[in-house]
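Numbered according to the numbering used here, the sequence shown spans residues 204 to 393. Beta carbons: idealized from backbone N, C-alpha and C, even for Gly. Input: a single structure, listed below in structure tokens.
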Amino acid sequence: MNAEVIKDVKNAVYNEDGSVTCDVLPAGMDSYLPYTASRNDTTPFGQLLWQQLAAGTYGKITPFTVTQDMIEGAREQKRREINAWRNAQENASYTFTFRDHTWDYGKAAQNRLGPVAMLAKNGQLPEGFFWTDANNEDIPVTPADIQALEAAMIGAMVTKGFEIHQRQRQMKQALDKLNTLEEIRTFRVA
């Protein structure tokens, strides 16, 4: 392919990934077409264009510039990642120790225990009732035991929820102090 396939190129700008976006006037056409050329272009046209751009045939290529919109977009994406982390942590299952047993806690465990605790308060638990601990052991319980377990579970959830809340606030505050696109993108959410 010879150079006569391309009549002119204008507005060449490097992209963040090293490719070049430009307006190309192909031979035989009257209007410029947008094109993104890259070192790895597999088409003969794209390979020729890349070579000519790299050689400076059409002048200097404008360097890539990070814009404030890009920085704020990346920051907003990280905020969404932090919120997703928070939601995952709040919906996860954990364990706590109460009366020499390890019990599950979290929203799912609370949803299972809540109706049982309500029946326990009304004295409606079946004879010989038990609750299964986190080690899959059936533990005989009284109505008072179930109510105490529910209160302990809620306490564990509040403590864990506050830890999660504090951590997500710390991450958001740290994120707000970052200034560059690279710093924001490499910020670790955990």
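Which whole-angstrom value describes the C-beta separation of residue i and residue j, a residue pair presumed to lie in contact below a C-beta threshold of 8 Å?
i    : j    : result
K310 : N286 : 17 Å between Cβ atoms; not a contact.
I264 : V208 : About 20 Å; that fails the 8 Å criterion.
L352 : L322 : Not quite, the Cβ-Cβ distance comes to about 13 Å (not below 8 Å), so this is no contact.
F333 : P343 : 5 Å
A393 : M356 : About 26 Å; that fails the 8 Å criterion.
Measuring only the C-alpha atoms, how far is residue i from residue j?
i    : j    : result
T291 : R372 : Per the sequence shown, the amino acid found at residue 291 is Ala instead of Thr. Cα to Cα, A291 sits roughly 15 Å from R372.
I349 : G326 : 11 Å
V212 : C225 : 7 Å
S234 : N214 : 14 Å
E330 : V319 : 13 Å
K281 : L251 : 39 Å
R278 : Y261 : 36 Å
K324 : D336 : 20 Å
R283 : V269 : 21 Å
W288 : M374 : 11 Å
T239 : G249 : 8 Å
T383 : D272 : 12 Å
F299 : A354 : 12 Å
P237 : F267 : 17 Å
P229 : E275 : 37 Å
P247 : R391 : 41 Å
S241 : K210 : 19 Å
E219 : I367 : 35 Å
W253 : D244 : 8 Å
Taking the DSSP output, what are the residues bridged to residue i?
i    : result
A287 : Beta-bridge pairing links A287 to no other residue.
D211 : L228
H304 : F301
P237 : D226
Terminal residues of the continuous beta strand (DSSP E) containing residue i?
i    : result
F301 : 297-301
A337 : No beta strand (DSSP E) holds A337; DSSP gives it neither H nor E.
M346 : The question names Met, yet the displayed sequence has Pro at residue 346. Segment 346-379 is the alpha helix (DSSP H) holding P346; no beta strand (DSSP E) there.
If you follow the alpha helix (DSSP H) that residue i is in, where does it begin and where does it stop?
i    : result
L256 : 247-258
L384 : 384-389
K310 : 310-324
Quick test of the definition: if touching needs 3 or more C-beta pairs under 8 Å, does the stretch 375-391 touch the stretch 348-364? The stretch 375-391 makes no contact with the stretch 348-364, as fewer than three CB pairs between them are under 8 Å.
Should the stretch 295-309 be called in touch with the stretch 254-270, which here means at least 3 C-beta pairs below 8 Å? Contact between the stretch 295-309 and the stretch 254-270 is absent: fewer than 3 CB-CB pairs across the two stretches fall below 8 Å.
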